[in-house]
Amino acid sequence: MQKNPAAPAAASPPAARRDFLKQGCAACLGLAAVGTPAAIGTRVFLDPLTRQTTAESFVKVTTLDTLPEDGTPVQYPVLADRRDAWTKFSQVPIGAVFLQRQSKDKLLALSVVCPHAGCFVDYEEDKQSFLCPCHNSLFLKDGGLKDQDSPSPRPLDTLEVQVRNRNEVWVRFQDFQLGIKEKKPVA
Amino acid sequence: MIKQVLAWVDNRTGLGRFTEAFLFQNIPGGSRWRYVWGTLLLYMFLLQAITGFFLWTAYSPSTQTAWESIHYVQHEMVGGWILRGLHHFGAQAFVVVLVLHLLQMVIYGVYRAPREVNFWLVLGLLPLAIAMSATGWLLPYDQHGFWASRVPIGIMGVTPVLGPWLQKVAMGGSSFGHHTLTHFLALHAGLLPLCVALVIGAHYYLTRKHGFADVSKDCACPDEKYFPAQFLKDAAACLAVFIVLLAFVVVPALQHPNLAPGVHLGAPADPSEQYSAARPEWFMLFLFQFLKYFPGGTEVWGAMVIPGFIGTIVALMPFVAKWKHGHRFNVLFIGTLLLAAITLGRIAVNEDNKDETYLTAKAQAVVAGERIRQLTTERGIPPSGAAALLRDDPYTQGPKLFAKNCASCHRFDGHDGTGHHPLTTWTVRQGETWETVAEFRFMKPEQLRDLNKDLSTRALKTGDNLTVPVRPWAPDLKGFGSREWIAGLLDPAQVDGAHYYGGTKFKDGKMSKWVKKNATPEKAEDLKKVIAALSAEAKLKSQIGADKADAELIKQGRALMTGDLACTDCHSFGKKDPDATAPDLTAYGSRGWITRFISNPSHPDFYGKRNDRMQSFADKQILDAKQIGLLADWLRGEWYVPPKSVAK
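As given, the protein sequences belong to chains A and B, one line each in that order.
For what it's worth, the working numbering labels the leading residue of the first sequence as 5, then goes sequentially.
For what it's worth, the working numbering labels the leading residue of the second sequence as 356, then goes sequentially.
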């Protein structure tokens, strides 16, 4: 900016206003120059927030015959096609599920993910309960909380389960938000 | 000439004056060991920056290449294991130096005016260091890093309001994937080190601005310049720390020359394989233990509110110190904190050392880590990544498949395939004694008493609860098809025992009777030939040599099977006999025979309608062809074994 040497000294209030305008413009221009690329970058970075995960559909996990008659829960890996950013994986393990018979035809599917901090729980045969190896949350065989002081805020998450074609066990595999009392699917 | 150049540079940049002021700053009362902390912290950062940079040059952040690239650094690149080891232990040393420095600042009251900001800077380094550590742990993408990182990410999710969004941004999606690694790398190697550098730089600048702190009043020590007096002490301290770190890396390698050197790199991350020994770094164990005491839904208190509150109190120390006894309170407070953290950490370690799940998982991780190294060293890693190699490895998958699908009836060398001896509780019924219970479970009464020490001195009463091994209902399959295994089957003393037909409905069946009647000492020579002949059908790799050497014996054995010993009265052998009532002995124990048998033991070629209770694993879709193949290979003891030079 060039100063006008001819500017009369008497015009001091407008000069102050002009200065203020100049300062304001300088700040705005600077902000725009730095802020715009930063905003574009941030938008890209936040892309996962606005990316809708396709609603999980039912996945075939196993067959009825593999489930012990006595109702002991068994862990099965869940295989499905999975898209991770640019890679399309076909039939890879995307998680695991505990299945058990509650009666001859009634099945219970429990997510293996501890609702506390996301570790996988183990089934302890002798205690007839699920134990999380991370912070010792203990769950009953039906997934319920064993005691009120358990670090887990809610029972193990149940998953929808269907028997198709007489023998095939299909599970609607979902992740749920951790650490909260209510069971909310991860968006 | 040189002087002129230097003068010119100084005139244009001011660099000379700055260097002089920096290097030759006066230290009132002379140099001290106590003053090395600031420099040491700077040095630890430099060490991490240097080693980290070179690790970065070889690292590739994606789920199919992260583990693989670190594996390559660790096991293939010259000196890679030392580089990674230094970075690994340097990270921990950084935290240790930081905490000690903070402690020293509080104890010596170095936080007092005008050094408050300096104190806060050091305090601010603490969360930054933890963030560095938390992001760095995931990067190798092994089982340990993967599972240990899920917990802080999970905890992030309980942040009020913002939780789920924070989580998603950190992970770069709704589950762990490529973008989790690219994000963590950008944080770990970009943003966070920049912040740490700025904070340490500011800390160092302020230290010099305010001068070295405590001038002892009663000491007549002469002043010294920073260089060389204090510089020497600083350099010595840095080098000492470095040597200790190097020792941490190198000494274990020297102690165990038969193992691959360097910090443990576990098996590649597998989202469907729980790793039960996932723990945070040792210096975060106290928080891990602390969180166990918070019942569901309140962990935001344990993970954020309380630590945040304590952090605020520590940050306010410079002001608290102005009160009477304020400084004493501060020292006491920080001492108590440290003691509490150490105690919590020790509790966590003690609990883990008693936890069987944890110890087993830990031991298995070492085995899996070693196995994946064997699998990859000679053959390289396919583009799909190393996790797939483990999934296709009979040595790794066989025991798990056996334990899950077979061990409810069969045993493998007495255990369930994974080395675990399944136990159960038995409620004693009317009339049962130690002897009858033990006999039913194929054990001696003394062994049963050993398992139930509290009851062992008295007779059993109805309703007593005994710990007993699960009864095997089918043969022990260790060495199935081998000469030893078949020899045991043809031994009258063993055929109806726990290892063979003892638990099955064939206990008193035709085979059992035949063995008891015909396998007499006089026929030992014939039986030896038959054993060799039948075992040769399996074409076991472990018996190639023996099969070749005994070709004549095998020929005679085959003749005996169809001739004098009359195996073919019941079994098919060589050619299909439509009237055969017992399993086909053609290719008995071979890979094809075993896979067909597991697929459908009730097939007429095998047990047909007389099948005891074994499932048709393929026909009922319990196992797929690949899994059955893995089981067969494992039972036959056939898996990839690296050449001697690699296995060491």
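Built from N, CA and C at the ideal position, the CB exists for glycine as well.
Note that the structure is predicted; figures quoted are calculated from it, not measured.
| Asked | Found |
| --- | --- |
| Under 7 Å (Cβ pairs) to chain A, residues found in the region 710–722 of chain B | T712, Y713 |
| According to DSSP, residues forming a beta bridge with R826 of chain B | None, per the DSSP bridge assignment. |
| Proximity below 7 Å, CB of R951 of chain B to CB of A987 of chain B | no |
| N-terminal and C-terminal residue of the alpha helix (DSSP H) that T936 of chain B is part of | It is not in any alpha helix (DSSP H) - T936 of chain B carries neither H nor E in the DSSP assignment. |
| Rounded straight-line distance, which links the Cα of L687 of chain B to that of A1002 of chain B | Caution applies to A1002 of chain B, whose pLDDT of 44 falls short of 50 and renders its modelled position unreliable; the value that the coordinates give is listed next. Rounded to the nearest angstrom, the two C-alpha atoms are 54 Å apart. |
| CB contact below 7 Å: L553 of chain B versus chain A | no |
| Outcome for V433 of chain B when other beta-carbon atoms lying within 10 angstroms are tallied against a minimum of 16 | exposed |
| C-alpha distance - L561 of chain B paired with G545 of chain B, whole-angstrom precision | 24 Å |
| Sheet register partners of W492 of chain B (DSSP bridge) | Per DSSP, none; premise fails for W492 of chain B. |
| Per-residue DSSP class, three states only, for N140 of chain A | coil |
| Closer than 9 Å at the beta carbon, the chain A residues around H776 of chain B | Correct list: empty, because the minimum Cβ distance to chain A is about 13 Å. |
| Neighbour-count burial assignment, N473 of chain B, 16 or more Cβ in a 10 Å radius | buried |
| Contained beta strand (DSSP E) runs [length at least 3] in the region 116–180 of chain A, N- to C-terminal order | 126–128, 133–135, 142–144, 165–168, 172–176 |
| Chain B contact for V190 of chain A (CB, 7 Å cutoff) | yes |
| Pairwise C-alpha distance: V38 of chain A and M5 of chain A | With a pLDDT of 43 at M5 of chain A, under the threshold of 50, the modelled position of this residue cannot be trusted; read the value that follows with caution. In a straight line, the C-alpha of M5 of chain A is about 21 Å away from that of V38 of chain A. |
| Per DSSP, cross-strand counterpart(s) of K1029 of chain B | Lying before the first or after the last residue shown, residue 1029 of chain B is absent from chain B, which here runs from 356 to 1003. |
| In DSSP terms, what D881 of chain B is bridged to | DSSP lists no partner for D881 of chain B. |
| Neighbourhood of E801 of chain B by C-beta distance below 8 Å, restricted to the same chain and skipping five residues each side | none |
| Residues of the region 161–191 of chain A with Cβ closer than 9 Å to any Cβ of chain B, in chain order | N171, E172, D179, Q181, L182, G183, I184, K185, K188, V190, A191 |
| G99 of chain A: first and last residue of the uninterrupted beta strand (DSSP E) it sits in | 91–105 |
| Backbone CA spacing between L71 of chain A and P824 of chain B [nearest angstrom] | 22 Å |
| Residues within the region 29–56 of chain A neighbouring chain B, beta-carbon criterion of under 9 Å | F49, L50, D51, P52, L53, R55 |
| Limits of the alpha helix (DSSP H) - the one that A595 of chain B falls within | 586–610 |
| 6 Å CB neighbourhood of G518 of chain B in its chain, flanking five on each side removed | G512 |
| Contact residues within the region 950–978 of chain B, judged by C-beta distance below 8 Å to chain A | Q970, K975, Q976, I977 |
| Any C-beta of chain A under 7 Å from that of Q982 of chain B | no |
| Backbone secondary structure at W422 of chain B - three-state DSSP | helix |
| Beta-carbon gap between I437 of chain B and V604 of chain B smaller than 7 Å | yes |
| For L111 of chain A, the residue or residues it bridges with in DSSP | A:R105 |
| Chain A within 7 Å of P662 of chain B, Cβ atoms only | no |
| Backbone CA spacing between W789 of chain B and G852 of chain B [nearest angstrom] | 19 Å |
| Buried or exposed by the 16-neighbour rule on C-beta atoms within 10 Å, applied to H680 of chain B | exposed |
| Residue ranges of each alpha helix (DSSP H) within the region 16–60 of chain A, 4 or longer | 16–49, 51–54 |
| Ranges of the alpha helix (DSSP H) found wholly within the region 653–731 of chain B, counting only runs of at least 4 | 661–670, 672–675, 681–709 |
| CB contact check: R826 of chain B to chain A, cutoff 7 Å | no |
| Inter-residue CB distance, L601 of chain B and H426 of chain B (contact presumed, cutoff 8 Å) | The pair is not a contact, with the Cβ atoms about 22 Å apart (cut-off 8 Å). |
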